[in-house]
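Asks:
In full-length UniProt numbering, the protein residues as written are 1 to 129.
1. Nearest to residue 64 by CA position, among 129, 126 and 4, is which residue?
2. In whole angstroms, what is the alpha-carbon distance linking residue 51 and residue 36?
3. Using 8 Å as the Cβ pair cut-off and three pairs as the minimum, do the region 15-28 and the region 107-116 touch?
4. Applying the 10 Å Cβ sphere with the 16-neighbour rule, what's the burial state of residue 60?
5. Pull the bridge partners of residue 24 from the DSSP assignment, please.
6. Evaluate residue 92 with the Cβ neighbour count: other Cβ atoms within 10 Å of its Cβ, from every protein chain shown; 16 or more gives buried, anything less gives exposed.
7. Out of 68, 82 and 119, which has the shortest C-alpha to C-alpha gap to residue 22?
8. Once DSSP output is grouped into helix, strand and coil, what is the label at residue 10?
9. In angstroms, rounded to a whole number, what distance separates the CA positions of residue 119 and residue 1?
10. What span of residues does the beta strand (DSSP E) with residue 128 cover, start to end?
11. Residues bridged to residue 79 by DSSP?
12. Going residue by residue through the region 40-74, where are the continuous alpha helix (DSSP H) segments of at least 4 residues, counting only ones entirely within it?
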């Protein structure tokens, strides 16, 4: 079983974004640690507004910390996308997100995550120039 470390301390950072006021770390069940540093900016869970009543809004619910880890892995791209999505699923299980919500959110990132992944890859390529 993986484990999160760090409290949910954030502030608004523009429309639909938050900034971490303290680090949040996740250690996977294989012992690999991913740490989102203080100051990391996230746009939260990319849940279409129509589903907010069922799943919750981007910054609410037990999936908040797994979302931060997932956003970190997408933003840095030090791992493959499939791994980032699996860490998201594992983190939701460790933070006791219900099985149906975990499955719905995981299917969402697997089917729609290619676009944010591509945007981050493009940004990283531009930054390397």
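Here a beta-carbon is modelled for each residue, glycine too, at the ideal position from N, C-alpha and C.
Replies: This is what the structure gives:
1. In the chain shown, counting from the first residue as 1, residue 64 sits at position 64. Nearest to residue 64 by alpha-carbon distance, out of 129, 126 and 4, is 4.
2. Along the chain shown, one-based indexing puts residue 51 at 51. Along the chain shown, one-based indexing puts residue 36 at 36. Residue 51 and residue 36 have their alpha carbons spaced roughly 27 Å apart.
3. Proximity of the region 15-28 to the region 107-116 falls short of the contact definition, fewer than three beta-carbon pairs being nearer than 8 Å.
4. Looking up residue 60 in the chain shown gives position 60. So residue 60 ends up on the exposed side.
5. Stepping through the chain shown from its first residue, residue 24 is reached at position 24. Within the DSSP bridge table, the entry for residue 24 names 36 as partners.
6. Stepping through the chain shown from its first residue, residue 92 is reached at position 92. By the 10 Å Cβ count, residue 92 comes out buried.
7. Along the chain shown, one-based indexing puts residue 22 at 22. Of 68, 82 and 119, the residue nearest in Cα terms is 68.
8. For this step, residue 10 is matched to residue 10 along the chain shown. When DSSP states are grouped into helix, strand and coil, residue 10 belongs to the strand group.
9. Translated into positions along the chain shown, residue 119 becomes position 119. Translated into positions along the chain shown, residue 1 becomes position 1. In this model, residue 119 and residue 1 are separated by some 31 Å (Cα to Cα).
10. Working through the chain shown from its first residue, we reach residue 128 at position 128. Premise fails: residue 128 lies in the alpha helix (DSSP H), 114-128, not in any beta strand (DSSP E).
11. Within the chain shown, numbered from 1, the residue matching residue 79 stands at position 79. Paired residue(s): none; residue 79 is not in a bridge.
12. Assignment of alpha helix (DSSP H) within the region 40-74, counting only whole runs of 4 or more residues, yields no such run.
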